[in-house]
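One structure below.
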Amino acid sequence: MWALGTWVLLGAVCAGSAQLQFNVIKSVEQTICNKTVTLPCIVTNLAQNNTKVMFVKWKLEKKEFFSFDGSNGKFDRNVNFSSAMLGSLQNLKLGIASLTISKTQAVPGNYSCEVAESNREGETVIELIYRIVSWFTPVENILIILSMVLAILIYWIQLAVTGSKFETTLLKIGLFIAGVVITVFAVVGFSLLISDEFKPENQIGLGLIVLPAVILVPPQYFLLKIVRENNLSFAIGVIVLESLGYLIAVIGFGLCITACRPKNGAVVIAGLAIMALTAFVGLIYAILIGSSKKEQHPRKAVEEPLNG
Ligand SMILES: *[C@@H]1O[C@H](CO)[C@@H](O)[C@H](O)[C@H]1NC(C)=O
Ligand SMILES: *[C@@H]1O[C@H](CO)[C@@H](O)[C@H](O)[C@H]1NC(C)=O
Ligand SMILES: *[C@@H]1O[C@H](CO)[C@@H](O)[C@H](O)[C@H]1NC(C)=O
Ligand SMILES: *[C@@H]1O[C@H](CO)[C@@H](O)[C@H](O)[C@H]1NC(C)=O
């Protein structure tokens, strides 16, 4: 009796100290940008470092879907987790039983990782959380749209201010059509750019906002030329700056287009803002020159009869 009692007690003590311990990670996040998902499971106190005596079991909400039996090297997977893979056996030997699953098969929830080494065993639970992420941040979206709205709005105001000066209706119609085209592209682009979660439509939307913006550049030249026909250096300066803004925006677009979470949104915003700003400077110029011309006309009209 005594012997048995001691044996049971010893066994309990041994089992207690024989638990495998883990590097505890409570949760990991998955977003639409993860192509694969890795659930960490790291044992910190393996003694034998021999996969032949190890057994690994992964469960989702208490239901087993993956197991690895080190004694015969056999994997067992549920059909819904056919992509599940351990890292290398070399890593498993060191206690890394982390599981990698393709993004389509990874389901949010509580996963448990059970590892056994001979008679020692242990379990750790990791929650896989799905987080919704948009392509650009809301602030970036607002700045992109705001810059473009300003650039287009200023174009229309300038067309309204200087439109009456054009003698050829053909040019006037051309400038009007350019305005309509860029407005339509931008509005469609805005509606595609905005969404809660990243979608390929967002990239098309940015393309529709940035790429057709070049339509704004040549009309700007005509709009400024009509203001002052004999001195074109200002008009040319504005066009050069606006082209530069466009170039920066296109470079930014190129940098952002392939990234799931773009880091260069600021480049697109800077480019579009330069375009809006140069358009604004052009408008101020047109208004100032226009009003000073108007002031000159009545004076001439008064002076002429006096001279004559
Ligand atoms: C998803 O990807 C991010 C960024 O690459 C990474 O930090 C994260 O660990 C991944 N999530 C999972 C669950 O693998
Ligand atoms: C066995 O693996 C543990 C990590 O679990 C490591 O600290 C230890 O150095 C390894 N021992 C040998 C002999 O490789
Ligand atoms: C796989 O997933 C489907 C749908 O979620 C479920 O109905 C089915 O029972 C799962 N298969 C197994 C073997 O668990
Ligand atoms: C996972 O477990 C935690 C803690 O028990 C719980 O708060 C959470 O809701 C569970 N997550 C899911 C998806 O069941």
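For reference, each letter of the sequence shown is one residue, going 1 to 308 in full-length UniProt numbering. Just so it is clear, CB atoms sit at the ideal spot from N, CA and C, and this is done for glycine as well.
- For Glu29, the CB falls within less than 7 Å of some heavy atom of ligand 1.
- Only residues of its own chain outside the window of five on either side were considered, and among them Ala235 and Ile239 have a CB closer than 7 Å to the CB of Tyr221, listed in chain order.
- Non-local beta-carbon contacts of Ser191 in its own chain, meaning distances under 8 Å to residues more than five positions away in sequence, involve Gly205 in chain order.
- Annotated as proximal: Tyr155 and Ala279, with beta-carbon spacing under 8 Å.
- A buried status is given to Thr124, since no fewer than 16 other beta-carbon atoms sit within 10 Å of its beta-carbon.
- Between Glu121 and Glu127, the C-beta gap is not smaller than 8 Å, which leaves the two residues out of contact.
- Contact fails between the region 160-180 and the region 128-144, because fewer than three Cβ pairs, one in each stretch, are under 8 Å apart.
- One thing to note: Ile96 has its Cβ within 8 Å of the Cβ of Ile42.
- The nearest non-hydrogen atom of ligand 4 is 7 Å or more from the C-beta of Glu114.
- Between the region 31-38 and the region 98-106 there are three or more C-beta pairs closer than 8 Å, enough to call the two in contact.
- Around the beta-carbon of Phe75, fewer than 16 other beta-carbon atoms lie within 10 Å, marking it exposed.
- The criterion of a C-beta distance shorter than 8 Å is not satisfied by Leu99 and Leu92.
- Pairing Lys63 with Pro262, the inter-Cα distance amounts to about 38 Å.
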